[in-house]
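Enquirer: For reference, each letter of the sequence shown is one residue, going 137 to 436 in our numbering.
For each residue, glycine too, the CB sits at the ideal point set by N, CA and C.
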Amino acid sequence: MLKKIMSLYANSVLYTEQPHHTSDQFYIFYDESERNWLTIPKTSLTEKELNLLQVLYKQVKIPSMPSTTLSRKWHEFLLLNGSMPSLSSESNFRFIQFHIKGNGVDQSEIESAIKGFFPDEVQIIWEDDHNGIVIEERRQLSLTESELTSIADTLESDFYVKVSFYIGKINPFSSQLRNQFQQEKEYFEFAKKNITSTNIITFEKVFPAFVALNLPDYIKDKVNNELSAVFLEDPELYTTIKVFLENNLNASLTAKKLYIHRNTLQYRIDKFIDKTGVQLKDFYGAFTVFLACLLYEFDK
Numbered sequence: 137m138l139k140k141i142m143s144l145y146a147n148s149v150l151y152t153e154q155p156h157h158t159s160d161q162f163y164i165f166y167d168e169s170e171r172n173w174l175t176i177p178k179t180s181l182t183e184k185e186l187n188l189l190q191v192l193y194k195q196v197k198i199p200s201m202p203s204t205t206l207s208r209k210w211h212e213f214l215l216l217n218g219s220m221p222s223l224s225s226e227s228n229f230r231f232i233q234f235h236i237k238g239n240g241v242d243q244s245e246i247e248s249a250i251k252g253f254f255p256d257e258v259q260i261i262w263e264d265d266h267n268g269i270v271i272e273e274r275r276q277l278s279l280t281e282s283e284l285t286s287i288a289d290t291l292e293s294d295f296y297v298k299v300s301f302y303i304g305k306i307n308p309f310s311s312q313l314r315n316q317f318q319q320e321k322e323y324f325e326f327a328k329k330n331i332t333s334t335n336i337i338t339f340e341k342v343f344p345a346f347v348a349l350n351l352p353d354y355i356k357d358k359v360n361n362e363l364s365a366v367f368l369e370d371p372e373l374y375t376t377i378k379v380f381l382e383n384n385l386n387a388s389l390t391a392k393k394l395y396i397h398r399n400t401l402q403y404r405i406d407k408f409i410d411k412t413g414v415q416l417k418d419f420y421g422a423f424t425v426f427l428a429c430l431l432y433e434f435d436k
């Protein structure tokens with residue numbers, strides 16, 4: 137079918153494999169049944185024709201090529217298995233991945249806004265319309281987790297999109313950087329699907345949930361048999377205990393976040409201890425209960 141459509145528009149091109157890059161002056165449509173991709177010049181389509189093609193076929197959006205030589209080198213190295221950029225082996229780098237949820241994402245405007253928050257020059261490369269990577273060379277103290285939270289809030293208010301970040305670890309410049317990035321990408325993909333309580337993700341935040349979800353079933357059953365029945369009986373108790381643990385057992389902060397009195401919080405904590413016999417202020421008890429909270433959350 138796309139072959140017939142191609143004949144209607146001059147300068148349109150049919151591909152049997154998805155093009156990795158094309159001019160931003162073209163629309164790309166994918167025919168799932170034929171497994172073909174068709175590029176059509178934007179100037180050739182009326183609004184009505186565009187709307188009809190969007191109904192009939194999947195419109196594919198491919199990120200434009202990075203604008204600088206260095207960002208293109210990073211793009212090839214991280215995403216296309218290319219050679220390493222020519223940089224000093226004494227440099228340290230950090231990858232901050234971001235995901236944008238929303239329609240009408242203007243990559244150039246968002247890229248410019250993100251760069252403006254960093255004290256030093258950073259490279260930004262895009263994986264697709266909604267996912268990108270900030271590549272930061274560590275010359276001085278960079279943005280903190282709270283500052284990235286502020287950035288996410290600012291982008292949301294200015295561009296009407298929701299943004300989440302994965303803050304990678306600092307690593308020396310070496311051939312292992314690509315493997316490190318791929319591991320962090322796996323954690324971020326997991327977080328986007330399974331963690332909704334925060335838009336700032338770090339290894340420490342995602343790894344407990346990653347481990348919990350990948351436990352063998354017989355281990356999950358043991359944890360659930362010991363503790364999850366309490367949460368099933370009283371879901372409010374689950375929320376209270378999880379927030380208490382996430383706030384480092386700080387009663388005042390937990391009560392504030394839950395909008396309850398400290399006495400109410402203490403009553404619920406005592407109730408949980410009475411039902412389970414597990415002490416929360418003991419490291420081993422807190423760890424075990426947090427694992428149970430994660431498993432309960434995923435099973436809901």
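By DSSP, does Q161 sit in helix, in strand, or in coil?
Expert: It is coil, neither helix nor strand.
Enquirer: Please report how far the alpha carbon of K251 lies from the alpha carbon of E272, in whole angstroms.
Expert: Near 10 Å, if we compare the C-alpha coordinates of E272 and K251.
Enquirer: Within its chain, find whatever has a CB closer than 7 Å to the CB of M142; leave out the 5 residues flanking it on each side and keep chain order.
Expert: S148, L150, L174, listed in sequence order.
Enquirer: Alpha carbon to alpha carbon, how far is G304 from H397?
Expert: Going from the Cα of G304 to the Cα of H397 covers about 37 Å.
Enquirer: For V191, does the count of other Cβ atoms within 10 angstroms reach 16, so buried, or fall short, so exposed?
Expert: That one is exposed.
Enquirer: Go ahead and label R230 buried or exposed: buried means 16 or more other beta carbons lie within 10 angstroms of its beta carbon, across all protein chains shown.
Expert: Buried, since its Cβ has 16 or more Cβ neighbours within 10 Å.
Enquirer: Mind checking who Y354 pairs with in its DSSP beta bridge?
Expert: None, per the DSSP bridge assignment.
Enquirer: Would you mind working out which of L144, Y296, Q243 sits nearest I176, comparing C-alpha positions?
Expert: Nearest of L144, Y296, Q243 to I176, Cα basis: L144.
Enquirer: Report, in whole angstroms, the separation of the C-beta atoms of K407 and L373, which I expect to be a contact under 8 Å.
Expert: Confirmed, about 7 Å.
Enquirer: Excluding the 5 residues flanking V258 on each side, which residues of the same chain have their C-beta closer than 7 Å to its C-beta?
Expert: K251, V270, I271, E272, listed in sequence order.
Enquirer: How far does the beta strand (DSSP E) with Y374 in it extend, from its first residue to its last?
Expert: Not the beta strand (DSSP E): Y374 falls in the alpha helix (DSSP H), residues 371 to 382.
Enquirer: Kindly identify the DSSP beta-bridge partner or partners of G268.
Expert: Note: G268 sits in a beta bridge opposite F234, W262.
Enquirer: May I ask you to verify whether the stretch 328 to 337 touches the stretch 295 to 312, counting CB pairs closer than 8 Å and requiring at least 3?
Expert: With a cut-off of 8 Å, the stretch 295 to 312 and the stretch 328 to 337 count as touching, because enough Cβ pairs lie within range.
Enquirer: What first and last residue would you give for the beta strand (DSSP E) that runs through Q319?
Expert: Not the beta strand (DSSP E): Q319 falls in the alpha helix (DSSP H), residues 313 to 330.
Enquirer: Please state whether the Cβ-Cβ distance between L427 and A348 is less than 7 Å.
Expert: Contact flag set, yes.
Enquirer: Tell me where the alpha helix (DSSP H) around I303 begins and ends.
Expert: Note, I303: premise wrong, no alpha helix (DSSP H); beta strand (DSSP E) at 298 to 303.
Enquirer: Checking 7 Å against the spacing of the C-beta atoms, do V241 and D264 come in under that value?
Expert: The answer is no: Cβ separation not under 7 Å.
Enquirer: Quick one: what does DSSP say E362 is sitting in, helix, strand or coil?
Expert: DSSP places E362 in helix when its eight states are reduced to three.
Enquirer: What are the residues that DSSP puts in a beta bridge with V191?
Expert: Note: V191 sits in no beta bridge, so no partner.
Enquirer: Helix, strand or coil: which one does DSSP assign to V241?
Expert: Coil at V241, not helix or strand.
Enquirer: For V112, I'd like the list of residues in its chain whose CB is within less than 7 Å of its CB, leaving aside the five on either flank, ordered along the chain.
Expert: Given that the chain is displayed from residue 137 to residue 436, the structure contains no residue 112 and the question cannot be resolved.
Enquirer: For the putative contact between F165 and L188, defined by C-beta atoms under 8 Å, what is the C-beta separation to the nearest angstrom?
Expert: Not confirmed; about 11 Å, so no contact.
Enquirer: Less than 8 Å between the CB atoms is what I'm expecting for L401 and T390, so what's the real figure, rounded?
Expert: With 8 Å as the limit, L401 and T390 qualify as a contact, their Cβ atoms being about 6 Å apart.
Enquirer: In angstroms with no decimal places, state the Cα-to-Cα distance between D289 and H235.
Expert: C-alpha separation (whole angstroms): 13 Å.
Enquirer: First and last residue of the beta strand (DSSP E) that includes N172?
Expert: Element bounds for N172: 172 to 177.
Enquirer: Quick check on E273: does DSSP put it in helix, strand or coil?
Expert: E273 falls in the strand class under three-state DSSP.
Enquirer: Which residues mark the beginning and the end of the alpha helix (DSSP H) in which K342 is found?
Expert: Sequence check: residue 342 is Val here, not Lys. Element bounds for V342: 339 to 349.
Enquirer: Just curious, the alpha helix (DSSP H) that Y432 is in, first and last residue?
Expert: 419 to 435 is the span of the alpha helix (DSSP H), which, as asked, contains Y432.
Enquirer: Along the chain, where does the beta strand (DSSP E) that runs through Y151 open and close?
Expert: Residues 149 to 151.
Enquirer: Measure how close the beta-carbons of T246 and F295 come, nearest whole angstrom, since I'm counting them as under 8 Å.
Expert: Looking at the sequence shown, residue 246 is not Thr but Ile. The pair is a contact, with the Cβ atoms about 6 Å apart (cut-off 8 Å).
Enquirer: Kindly identify the DSSP beta-bridge partner or partners of D167.
Expert: Bridge partners of D167: N172.
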